[in-house]
Amino acid sequence: MSGRFKPAVKTYTRPVTGGWWKENPFYIWYTLRELTAVGVFLYGVVLVTGVVSLGIGENAYNAWRAALTTWTSLIFHLILFALLVYHSYTWFKVMPKTTPQIPIAPQTIVRTGVAVTTALSLVIVAVLFGVTR
Amino acid sequence: MKRANDPIFWSSFGAGGMLSALLGPVLIFITGIAVPFGFILPKSTLSYANALAFAQNPIGKLFLFAVILLFLLHGAHRLLHSLHDFAIHGGPREKLWFYGVPLTLTFVALVELLLVGF
Chain A
11 MSGRFKPAVK TYTRPVTGGW WKENPFYIWY TLRELTAVGV FLYGVVLVTG VVSLGIGENA
71 YNAWRAALTT WTSLIFHLIL FALLVYHSYT WFKVMPKTTP QIPIAPQTIV RTGVAVTTAL
131 SLVIVAVLFG VTR
Chain B
94 MKRANDPIFW SSFGAGGMLS ALLGPVLIFI TGIAVPFGFI LPKSTLSYAN ALAFAQNPIG
154 KLFLFAVILL FLLHGAHRLL HSLHDFAIHG GPREKLWFYG VPLTLTFVAL VELLLVGF
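Sequences listed follow chains A and B, in order.
Numbering-wise, the numbering used here comes out as the position in the first sequence, counting from 1, plus 10.
Numbering-wise, the numbering used here comes out as the position in the second sequence, counting from 1, plus 93.
What follows is the structure, encoded as structure tokens:
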């Protein structure tokens with residue numbers, strides 16, 4: 011254990027078990043929010059495998075593409091998508107608490123963040139739709 | 094006092110969190126849901142020729158590198174700090190793994206991105 015959270019004086023430390031977060035809905039949502047990091051990390055890994063297969067050659071890259079057309083991959087990506095949407099929403103929801111004091115209402119920051127993400131996503135899909143037609 | 098490397102990882106956590114909040118859902122939708130099944134976007138969007146052209150373009154290359162580096166570091170950093178919540182108190186060994194794995198994977202991707210040419 012690192013000494014970082016150890017108090018200097020010998021005070022009573024309440025024992026903490028790994029299952030505390032199941033006790034309250036608020037903690038469950040908090041834990042889900044932190045676990046969206048698994049989704050962000052795994053999508054990074056998906057991209058690494060794609061880039062590596064692209065570097066190896068056409069056959070390897072087409073095998074990577076084929077793997078993405080399976081049901082397992084679709085379900086996996088739907089879960090990743092849901093996790094990233096929740097990450098995106100909570101990222102902007104927490105933002106008013108993490109930024110320095112600025113004269114903007116917290117709800118405005120959250121709404122702007124969600125609006126910008128939605129608009130940007132639609133524009134990217136629309137542009138891709140346009141250039142691939 | 095020993096120089097801390099924490100600021101580097103906290104800022105990459107912030108940058109990765111922001112980038113993945115803005116682009117994560119749409120990127121997953123495009124590469125994992127829409128294109129592989131020809132839903133809204135054609136399957137040929139991610140053909141070998143298109144993907145290669147994207148990876149050879151300097152901006153495309155930089156984009157892929159930035160997304161991979163920041164997504165991996167954000168995810169790993171956040172998980173490292175969440176271990177504490179599950180009564181696992183991370184020390185130097187955990188740090189080595191939680192920063193070593195994302196940096197190694199990014200390095201592999203960077204090498205491939207440079208090898209596909211410009």
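A virtual CB, placed ideally from N, CA and C, is assigned to each residue, including glycine.
By the criterion of Cβ-Cβ separation under 9 Å, what are the contact partners of residue i in chain B?
i       : result
Ile2/A  : What the structure shows of chain A is the stretch from 11 to 143, and residue 2/A is not part of that stretch, so it cannot be assessed.
Glu44/A : Arg171, Leu172, His174, Ser175 and Asp178
Thr31/A : According to the sequence as given, residue 31/A is Trp; it is not Thr. Result: Asp178 and Phe179.
Taking 6 Å as the limit between beta carbons, can you name the residues of its chain near residue i, skipping five residues before and five after?
i        : result
Leu112/B : Leu163
Ser98/A  : Thr127
Val120/A : Phe102 and Lys103
Arg106/A : What sits at residue 106/A in the sequence shown is Pro, not Arg. Cβ within range, chain order: Pro116 and Ile119.
Trp74/A  : Gly60 and Ser63
CB residue i to CB residue j, shorter than 9 Å?
i        : j        : result
Gly125/B : His87/A  : yes
Arg186/B : Phe106/B : no
Leu165/B : Leu120/B : no
Lys188/B : Leu203/B : no
Phe102/A : Thr128/A : no
Val135/A : Leu134/B : yes
Pro118/B : Val95/A  : yes
Ile89/A  : Gly60/A  : no
Asp178/B : Thr122/A : no
Ile161/B : Leu45/A  : no
Gly28/A  : Ala180/B : yes
Val133/A : Val201/B : no
Lys154/B : Leu115/B : no
Leu176/B : Gly183/B : yes
Kindly list, in the order they appear in chain B, the residues whose Cβ is closer than 7 Å to that of residue i.
i       : result
Glu68/A : Tyr141
Return yes when the C-beta of residue i is under 8 Å from any heavy atom of the ligand GDP, and no when it is not.
i       : result
Ala47/A : No copy of the ligand GDP occurs in the structure displayed, which carries no ligand at all.
Starting from residue i, find everything on chain A with Cβ-Cβ shorter than 9 Å and list it in chain order.
i        : result
Ala148/B : Val61, Leu64 and Gly65
Gly153/B : Those do not exist, as Gly153/B stays about 11 Å from chain A at its closest Cβ, beyond 9 Å.
Leu198/B : Gly54, Val55 and Val58
Leu134/B : Val135, Leu138, Phe139 and Thr142
Gly210/B : Correct list: empty, because the minimum Cβ distance to chain A is about 10 Å.
For residue i, which residues in the same chain have their Cβ closer than 8 Å to its Cβ, ignoring the five residues on either side in sequence?
i       : result
Trp30/A : Tyr37
Lys32/A : Ile38
Tyr53/A : Leu90 and Leu94
If the cut is a Cβ gap below 8 Å, which residues of chain B does residue i touch?
i        : result
Thr27/A  : Ala180
Phe36/A  : Residues of chain B passing the Cβ test: none, with the nearest at roughly 13 Å.
Ala129/A : The contacting residues do not exist; Ala129/A stays about 10 Å from chain B at best.
Kindly list, in the order they appear in chain A, the residues whose Cβ is closer than 8 Å to that of residue i.
i        : result
Ser137/B : Thr142
Ile101/B : Within 8 Å Cβ-Cβ: nothing; Ile101/B doesn't reach chain A, min ~18 Å.
Asp164/B : First, the residue type needs correcting, since residue 164/B is Phe and not Asp in the sequence shown. Val50, Phe51, Tyr53, Gly54 and Leu57, listed in chain order.
Ala144/B : Gly60, Leu64 and Tyr71
Leu157/B : Leu57 and Val61
Ala202/B : Leu57, Val58, Val61 and Val62
Phe130/B : Thr79 and Leu84
Ignore the nearest five residues each way along the sequence and tell me which others in residue i's own chain have a CB closer than 7 Å to its CB.
i        : result
Leu64/A  : Tyr71
Leu215/B : Past the edges of chain B, shown from 94 to 211, lies residue 215/B, and the structure says nothing about it.
Leu139/B : Thr124 and Val128
Arg143/A : none
For a contact defined as C-beta to C-beta under 7 Å, what are the partners of residue i on chain A?
i        : result
Gly110/B : Trp101
Ser113/B : Val50, Leu94 and His97
Leu206/B : Val61
Requested in this report: With 8 Å as the limit, tell me which residues of the region 70 to 83 of chain A have their beta carbon closer than that to any beta carbon of chain B; keep them in chain order.
Outcome: Tyr71, Asn72, Arg75, Leu78, Thr79 and Ser83
Report task. With 8 Å as the limit, tell me which residues of the region 87 to 102 of chain A have their beta carbon closer than that to any beta carbon of chain B; keep them in chain order. Result -> His87, Leu88, Leu90, Phe91, Leu94, Val95, His97, Ser98, Trp101 and Phe102
Query raised in the report: Given a limit of 8 Å on CB to CB distance, which residues of the region 104 to 127 of chain A reach chain B?
Result: Gly123, Val126 and Thr127
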